[in-house]
Each structure stands twice: as C-alpha cells, then as structure tokens.
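K.L.:
When we follow the working numbering, the leftmost residue of the sequence shown carries the number 19, and every step to the right adds one.
To start, I am sharing the structure in question, which I have written as structure tokens.
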Amino acid sequence: MKKFITPLLFLAALGVAKGQAWEPVGLTTAYNEPWTALGLHQGALYAHNSTLGLVKSTDNGDNWTTIPTTGVVGNIHLITSTGSRLYVASTMSGGTGDIYWTDNDGGAWHSDTVGMPPHVLWPQTNKAGVNQLHGFNGKLALDADNADAYYVKNETDASWTHVPWLAANDPGAFSSHGDTLFTAGGGTESHGFAYTTDLGNTWTTPDCNGIPQWHAIGLLDRDPTNGRWYLSGTDVTTQERFVKYSTDQGTSWTSINTAPYLVQEPGIWGFSHAVGAMFTRGNTIWLSCQNQHMGTRPDLFLSMDGGQTFAKDTVGLPEDPYATFAVYNFVELNGYVFAQFSGTDVYRKQLGTTSIQDLSSLAQFSVAPNPASDQVRLLNIDPAGTEYRVVNALGATVGQGRLPMDRTIHLGGLEPGVYHISLLKGGKPVGVQRVVKS
C-alpha cells in the first residue's frame, strides 16, 4: 500500500514544528481494530493489528511488508527492541502472557518466558500477563500482572531475574539511556525517579524536589535532543494531574503549564484527566489524555513552546462513533512522529526543528485586548524594523507583515481559536505571545 505526503505548512513562531494534519499510514480503516502495537527496531517501523498481523516499514510508513509470526501464540500487544533482537509480548485467553524474540525478521521466533512469574489462576501452565516490556542495549525490563512482579535480564541470559528493589518501590514506567535503566514511581526507597547502571543490583535515588510526597507516576520520557526527563503523574492528596521535567537527572522537577490549557469542558477543572501517552522533542510536546466521550476525536494536545501553552492537535484524526480513540504510544523515526491508536490506524506527522529556546531572553511584550474579536495592540515593544507573524494551532502562518508604528495587528478574518504572534528582527525571533481570537 502506498501513501503520499501532502505539502507541509511550516510553523513560524520560534520555528519549532511543522504543522500539518495527522495522516493515516493505511494499515486499517476499521473503528474496532483490536491488538494494535507499534515499535522500532534497527531503523525500521514495526506495527501490529489483528487483521494484518505484524508488519514492517522501511520508508516512514509509505509501504509495509508482512513479518511471519509462526510460533507466536496469542495476540501481540507490545513491540520493543534490544538492538540485535526484536521482541514482542502477546496476550492469550484469561490474560496470560508470553514473550518472543527474533533476530531474522520472523524467520524464527523463540519463546523467552523462563523465570517469568506464573499466572495467578493457572500457575502450573501459564505465565502472567505482560504490562510493560522495555528493551535497551541488549537488556530488558519487565513488569508483569502479578503483584511486585518486576524482572530484568540480559537478552542472552537463560532466565528472567526478579528485582526486589523494584518490587518495593512499584515503578509506574521504564525508560533508558545507553546502558542505564530509569524508573518513575514512589516507594519506600524512591522519591519518584531512580536509575541503575547494573541492571537492578544497585540504584541511585535523587531527591526529586518538586514531586509531591504522595504521588502515583504514570509515564516517563527522555527528550534525546536535550537530555530532559519528563514524567506525568497524580498528586494523591489533591488528585491533581501533573507533568514535570528535570534537567539535573532527577534532583529537581519543574511543572510545565498544563492546568490553564488542558481543560476538557466546563465543570472539569484544570488538568483533570490522566496523560495516556507523551512525546517530547525540544519545544514540541504532545500529551494524549483520557477521553470517555462518544463520537469524539482523541484528546491530543500539542505545545510548540516547551510546555508554556497547549492547543488541541486533532486535525486529520478519526472520530469513533461508539466511543473514542486513545493514543497508546508515540515513536519517532527519520523526522516523523508516529502515533499508535486504540482500535484504528497508525497516524504520522512530520517534525521540524525542535530545539529548546531560552524564552526568558526574548522580549516580554504583551497583547491587548486578550481575548480579542477584531484587532490587538502590542505593548512594550519597539515597532522599528520589527516583523510579525500570526500562527494558528496547526502551525500554519495565517498573517504576517511589518509591524506598523501604532503596533496594531488585525485578526478580524480569522476563525475563533488560539494563535501565537511572533516578532522577528533580521529574521530572528525577538518575542512571542499567545492570543485568543473570540
């Protein structure tokens, strides 16, 4: 099957992302496609659904080939890689689990369940279901359904090894960088974030200043462009959802500005629904949130300024007439971000330049009135030699020109919504401000 990329609209405000609609890669048109999975291995994209089985693309999702799965029992729901081996986790009836690997693109599959915990109902014959399977640099980390069932192994080890430290601290997520395994979650010895360089024998536990004392961690993500760590979670005391980042390997954590923007509807205050998937690349941050409303698109939010402001990013995504789709996973390959959805196709969007910019060094102008119905006036800015651009939530430039001496920009022809006004001198950004068109 063949797809063609549509022309791209470039985001002018800070140049942080290319703005275009999400595009399906063409694996399915169903609204109830079960057992979707998505992962990367050796520079290729792998996906799974119940109809096609396991497939592979080497051209950013334009074309797909079938990967044989002879010998794999159950429905594949997780895909990961250790570098030399492609791993999948499958689910069978009753929630039992299995793990398989191949090093020749499905020419032969090998079961890898020795040492895994047994299923609580059928301990003699079946293994526990697999919640998380994380591969990195010839190593794996496993979170199984059973209580305190956290295991690790080198890919060549004969058996999985239980990690008591993980069992005591109940991490909510795994991630890695190089040979180091990172976890997020709180327990008797962890403040919310910890890491090991020896596959779980010893752990480093930073102070985690900024993370609530009583918390539940949901997701953990490392931005490879700058080394920032991001985690999402819930303050157990207040039930407030949060997303925080650390630039010092977990010693301190700073909240990104989710509360004013990620609001579902009147009566649901703040950032009240949990983050189900997260993707971070410099100034570009995607957060997918839970949504229980029938006949709606997923609650997918995009920030193009490092988490200062967010807007919905759902153009091109499908509507489920019976429930709503959710994003389960994001992966990046060759400048594209791919999103795995529940029950439907994989969608993609192209990334642009995503470096974190020191926004505090930019001119701190203001906009009035805000919200505005017809025009705005920029305050605290010298208009001499200043150009402006107005950019919508999709990254498309919808207005531009030289800033007049009265510093007024007309918005009357624009649809209601959220826009960014960026100011440039000599082609370089000198300021950016968010405005709401009523």
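All C-beta atoms in this analysis are idealised placements derived from N, C-alpha and C, irrespective of residue type, glycine included.
Please read all numbers here as calculations on a predicted model, not as lab measurements.
#1: Just checking, does the segment 185-196 make contact with the segment 86-102 on the three C-beta pairs under 8 Å criterion?
#2: Looking at the unbroken beta strand (DSSP E) that takes in residue 184, where does it start and where does it end?
#3: So residue 356 is in the beta strand (DSSP E); what residue range does that whole segment cover?
#4: Below 8 Å on the Cβ atoms is my guess for residue 348 versus residue 441; work out the distance and round it to an integer in Å.
#5: By how many angstroms is the C-alpha of residue 225 removed from the C-alpha of residue 452?
#6: Rounded to the nearest angstrom, what separates residue 241 and residue 202 at their Cα positions?
#7: Restricting to Cα atoms, I'd like to know which of 52, 455 and 419 is closest to residue 457.
#8: Have a look at the DSSP bridge pairing and note the partners of residue 73.
#9: Leaving out five residues before and five after residue 229 in sequence, what residues of the same chain have Cβ atoms less than 6 Å from its Cβ?
#10: Taking the C-alpha atoms as reference points, what is the distance between residue 304 and residue 358?
#11: Per the DSSP calculation, residue 318 is bridged to which residue(s)?
#12: Among the candidates 389, 425 and 427, whose CA atom is the shortest distance from the CA of residue 435?
#13: For a quick check, are the C-beta atoms of residue 273 and residue 246 less than 8 Å apart?
#14: Using CA atoms only, rank isn't needed, just tell me which of 369, 356, 426 and 404 is closest to residue 56.
#15: What separation, rounded to the nearest whole angstrom, lies between the Cα atoms of residue 139 and residue 410?
#16: Taking 8 Å as the cut-off, decide whether the C-beta atoms of residue 457 and residue 178 are in contact.
#17: Mind checking which residues open and close the beta strand (DSSP E) that includes residue 368?
#18: For residue 176, which residues in the same chain have their Cβ closer than 7 Å to its Cβ, ignoring the five residues on either side in sequence?
#19: Please list the terminal residues of the continuous beta strand (DSSP E) segment that includes residue 299.
#20: Near residue 292, what residues of its chain come up, given a Cβ to Cβ distance below 8 Å and the 5 sequence neighbours on each side ignored?
#21: Measure the C-alpha to C-alpha separation of residue 126 and residue 364 and round it to an integer number of angstroms.
#22: What is the DSSP secondary structure of residue 112, reduced to helix, strand or coil?
#23: Using DSSP's beta-bridge definition, name the partner residues of residue 93.
#24: For residue 374, which residues from the same chain have a beta carbon less than 7 Å from its beta carbon, with the 5 sequence-adjacent residues on both sides left out?
#25: If we ignore side chains and look at the alpha-carbon of each, how far apart do residue 397 and residue 439 end up?
#26: Our contact map puts residue 386 next to residue 395 with C-beta atoms below 8 Å; I'd like the distance itself, whole angstroms only.
#27: Would you kindly work out how many angstroms separate the C-alpha atoms of residue 130 and residue 72, rounded to a whole number?
#28: Look at the Cβ atom of residue 54, then the Cβ atom of residue 361, and state whether they are nearer than 8 Å.
#29: Can you tell me which of the three DSSP states residue 373 falls into?
#30: Taking the C-alpha atoms as reference points, what is the distance between residue 198 and residue 266?
#31: Would you check if the distance between the CB atom of residue 206 and the CB atom of residue 234 is smaller than 8 Å?
#32: Give me the DSSP bridge partner(s) of residue 119.
#33: Going straight from the alpha carbon of residue 455 to that of residue 58, what length do you get?
#34: Within the same chain, show all residues whose beta-carbon is closer than 6 Å to that of residue 430, passing over the 5 residues directly before and after it, in chain order.
#35: Is it right to say residue 38 is buried, meaning 16 or more other beta carbons lie within 10 angstroms of its own, or is it exposed?
#36: Residue 42: which of 105, 156 and 367 sits nearest, CA to CA?
P.N.:
The answer reads as follows:
#1: no
#2: Counting along the chain, residue 184 falls outside any beta strand (DSSP E), though it belongs to the alpha helix (DSSP H) covering 182-187.
#3: 354-359
#4: Their Cβ separation, rounded to whole angstroms, is 31 Å, which puts residue 348 and residue 441 out of contact at 8 Å.
#5: 35 Å
#6: 15 Å
#7: For residue 457 there is no data in the structure shown, the boundaries of the chain being 19 and 456.
#8: 65 and 84
#9: Annotation for residue 229: 210 and 271 place their beta carbon closer than 6 Å to its own, counting only its chain and skipping 5 residues before and after.
#10: 13 Å
#11: 306
#12: 389
#13: no
#14: Residue 56 has its Cα closest to that of 356, out of 369, 356, 426 and 404.
#15: 53 Å
#16: Lying before the first or after the last residue shown, residue 457 is absent from the chain, which here runs from 19 to 456.
#17: Residues 364-368.
#18: 132
#19: 293-299
#20: 236, 250, 252, 259, 307 and 308
#21: So the alpha carbons of these two residues sit roughly 26 Å apart.
#22: Looking at residue 112 - three-state DSSP - the assignment turns out to be helix.
#23: 109
#24: Unreliable positioning characterises residue 374 in this predicted model, as indicated by a pLDDT of 48, which lies under 50. A coordinate reading is not provided.
#25: Near 13 Å, if we compare the C-alpha coordinates of residue 439 and residue 397.
#26: 6 Å
#27: 18 Å
#28: The answer is yes: Cβ separation under 8 Å.
#29: Summary for residue 373: the model assigns pLDDT 47, below 50, so the residue's position carries little reliability, and this model does not support an answer.
#30: 15 Å
#31: no
#32: 105 and 128
#33: 40 Å
#34: Same-chain partners within the cutoff: 392.
#35: Taking all protein chains shown into account, residue 38 has 16 or more neighbouring C-beta atoms within 10 Å of its C-beta and is therefore buried.
#36: 367
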